[in-house]
Amino acid sequence: MLLELRSVSGGYGPVNVLHGLDLGVTEGEVGVILGANGAGKTTTLRAICGMLDDISGEVFFDDRDITRDSPQATARRGVAHVPQGRGTFGDLSVDENLRLGAITRKDGGVRSDLDRWYEAFPRLAERRTQAAGSMSGGEQQMLAIARALMSRPRLLLLDEPSLGLAPLITRDLFARLGEINRTEGLTMLIVEQNAGLALEIAQRGYVLETGSIVAQGTAEELAADEDVRKAYLGF
Amino acid sequence: MDALNDSLFVTQFLNGIGLGAVYASVALALVIIYRTTGLLNFAQGEMALFSTFVTWWLTERGVAIWPALLGSMVFSFFAGAAIERLIIRPVEKSKNQLNLVIVTLGLFLAINAVCQLLFIKPGQDQVLMPLMFPGGKLNLIVIDIPWAIVGRAAVLAVECAVLYLLLQKTKIGLALRAVASNPESSRLVGINPGTMLMLGWGIAAVLGAVAGTMAASRGLGGFDTSLMQQVLVYAFAAAALGGFDSPLGAVVGGLIVGVARTLTVQYIGWLEGIDLIVPLGLIFVVLLVRPNGLFGRNIVERV
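Top line first, the protein sequences correspond to chains A and B. Taking this note's numbering, I'd label the letters of the first sequence as residues 96 to 330. Taking this note's numbering, I'd label the letters of the second sequence as residues 358 to 660.
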């Protein structure tokens, strides 16, 4: 397992959101966390990144205990987190946003990676000097993902990437994420309401309810599960 | 030619630029801390006062004014960073901006008292800072400009250039702006915001050291612990005028406020002695007409 959470509990201040959560993602695979609003999906990602006030249990990344590491330390280890609402630097330019993604890198490949992601996301290349905050939601989501990729992460965490996006753009986004996973072998853990699309590109899935895992399995198993289909796929 | 030099207007305009360079430096320091910490640092003037006394203390020990200023800048950088780390950050954890403002007000009083205690001997009111610039004037075809004013303007220009290069052209500057823009996301890309805040306070303190030393180094006589109090009010007016989030605005605002001060005092006689009305009036009008200042951005974000 590249990422493993062992009986993680925690939350914000006195409020516990997660109750003994166990989950894991193997290197090279896409994992997806499904669940209703308030189930603790975002909190799970924040727990991985060291953004909770209070946490118990263990978070292992690459066989190393990162439970109590700061967000910046975890980022430097190779965990890139695209938070809900994208978390772009609104008043900085697209180019600066992307360079910030690579700010901890010391290797010489930043320039060529920039060119590469500009090629992959031509909309971003067109808007290179524009303030990130002035772009549309879909463009900002692309920027947030490209910025995460600029860090050459070993694990990409995506929090509701489809939030606020039109259906067609969401479809395109997931197609690209699937492609990046296939071509780069990049491990991903995606939190998503749009269960159908997410399960299409995922190999492994978890269903989260009030802070604990109530179902898990391969993407196929979950997609075939009666309860999961009723609750999250709508048929 | 002589007409230009003899003109009261020109003389006072130039004096205004000289004053404005000091206001602009302090305003720049205010803006840098505001952008990184989101905090109005009421202690900025007194931090600069302490730095100024450090410059003076060094000159008293035989160091020439410029190396003394350099020494004070280095000291101020670390002192500013230390204030952020040891005094501001612990209070910041309470997530209550008001607490922070109170702390900077406390710092204002504390630093002022410490300066009085450390540097002013009993029975002595003022100390004398050596001049930074030669006397005499620079002769520019139609106009003679005192070297003191040319020098102050040049110092301000160097400050702007260094800040611009630092903020726009270096990785550290990019990280500083990232923290100002979105602290949480900057952590997610691996930046330690704490380090950047310390850096911001350090830079602000260095700007204060330059501003204070320039303010104290004047032909008119010595300075005391009240040196930066008026300056701070004018710098606040400058920052409000330019927009609290704009370094360029701080500089333009500083120069405008400086010129506004000398010209109003020259031409509106009854303002003599109560000229603090000028910056206060400016702050009031700007807040009414253009709350974001001349260069401040009204941040509109699409979601």
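Yeah, the Cβ is synthetic: ideal placement off N, Cα and C, and Gly gets one too. Here the structure is a predicted model, which means the values were calculated and not measured.
Using the Cα positions of leucine 258 of chain A and valine 112 of chain A, report the straight-line distance between them to the nearest angstrom. 21 Å
Helix, strand or coil at alanine 226 of chain A [DSSP, three-state]: strand
Taking CB distances under 8 Å as the criterion, tell me whether valine 660 of chain B reaches chain A. Confidence is the limiting factor: at valine 660 of chain B the pLDDT is only 40, short of 50, which leaves the residue's position unreliable and the question unanswerable from this model.
Please state whether the Cβ-Cβ distance between glycine 196 of chain A and valine 546 of chain B is less than 8 Å. yes
What does the alpha-carbon distance come out to for the pair valine 367 of chain B and arginine 618 of chain B? 14 Å
Taking the alpha helix (DSSP H) that threonine 416 of chain B falls in, what are its first and last residues? 401-417
Quick one: complete alpha helix (DSSP H) runs, 4+ long, within the segment 562-596 of chain B? none
Using three-state DSSP, classify lysine 360 of chain A as helix, strand or coil. With chain A covering 96 to 330 only, the question about residue 360 of chain A has no answer from this structure.
Based on DSSP bridge pairs, tell me the residues matched to valine 420 of chain B. Per DSSP, none; premise fails for valine 420 of chain B.
Just to make sure I have the definition right: I need the residues of chain A whose C-beta is within less than 7 Å of the C-beta of valine 567 of chain B. Which are they? None at all; the shortest Cβ gap to chain A is about 27 Å.
Which same chain residues end up closer than 6 Å to valine 563 of chain B when comparing Cβ atoms and leaving out the 5 residues on each side of it in sequence? Met430, Ser433, Phe434
Does the beta-carbon distance from leucine 371 of chain B to proline 503 of chain B come in below 8 Å? yes
Count the C-beta pairs between the segment 534-541 of chain B and the segment 406-423 of chain B that are closer than 8 Å, then say yes if the count reaches three, no if not. no
Closer than 8 Å to chain A by CB, lysine 528 of chain B: yes
Apart from the five residues on each side of it in sequence, which residues of its chain come closer than 6 Å, Cβ to Cβ, to alanine 290 of chain A? Leu129, Tyr327, Leu328
Is glutamate 449 of chain B near leucine 462 of chain B, with beta carbons less than 8 Å apart? no
Here's a check: name, in chain order, each residue in its chain whose Cβ is nearer than 7 Å to the Cβ of asparagine 276 of chain A, leaving out the five neighbours to either side. Val125, Met283, Ile296
Option nearest alanine 592 of chain B by Cα separation, candidates B/Ser574, B/Val388, B/Ser364: B/Val388
Just to confirm the assignment: which complete alpha helix (DSSP H) runs, minimum length 4, are found wholly within the segment 238-324 of chain A? 262-279, 290-296, 314-319
Residues in the same chain with beta-carbon distance under 7 Å from alanine 597 of chain B, minus the five sequence neighbours each way, listed in chain order, please. Ile640, Val643, Leu644, Gly650
What does a CB cutoff of less than 8 Å around threonine 416 of chain B pick up in its chain, not counting 5 residues either side in sequence? Ile422, Ala425, Met486, Pro487
Complete runs of the beta strand (DSSP E) confined to the segment 106-166 of chain A [at least 3 residues]: 110-120, 125-130, 149-156
Same chain only: Cβ atoms within 8 Å of leucine 365 of chain B, ignoring 5 sequence neighbours per side: Gln623
Whole-angstrom distance between tyrosine 301 of chain A and glutamate 658 of chain B, CA atom to CA atom: Low confidence applies to glutamate 658 of chain B: its pLDDT is 41, below 50, so where it sits in the model is not reliable enough to give any reading.
The segment 398-416 of chain B / the segment 517-527 of chain B touching (three or more Cβ pairs under 8 Å): no
9 Å Cβ cut-off: residues of chain B touching aspartate 199 of chain A: Position check: residue 199 of chain A holds threonine in this sequence, whereas aspartate was assumed. In chain order: Val546, Gly547, Ile548.
If the cut-off is 8 Å on Cβ atoms, which residues from the segment 512-543 of chain B count as contacting chain A, listed in chain order? Lys528, Leu531, Ala532, Arg534, Ala535, Ser538, Asn539, Glu541, Ser542, Ser543
Residues of chain B with CB under 8 Å from alanine 208 of chain A, in chain order? As written in the sequence, residue 208 of chain A is aspartate, which differs from the alanine given in the question. None at all; the shortest Cβ gap to chain B is about 14 Å.
Using only alpha-carbon positions, find the residue among B/Leu620, B/Val484, B/Ala561 that is nearest to alanine 573 of chain B. B/Val484
Residue(s) in a DSSP beta bridge with valine 174 of chain A: A/Leu250
Could you check whether the Cβ of aspartate 186 of chain A sits closer than 8 Å to any Cβ belonging to chain B? yes
From valine 609 of chain B to serine 382 of chain B, what does the alpha carbon distance come to, in whole angstroms? 11 Å
Counting only the same chain and skipping the five closest in sequence on each side, list residues whose C-beta sits under 8 Å from that of glutamate 234 of chain A. Arg218, Leu219, Arg222
C-alpha gap between arginine 392 of chain B and arginine 534 of chain B, whole angstroms: 8 Å
Could you tell me whether the Cβ atoms of valine 590 of chain B and leucine 633 of chain B are closer together than 8 Å? yes
Quick one, which of B/Leu466, B/Ala532, B/Gln481 has its alpha-carbon nearest leucine 187 of chain A's? B/Ala532
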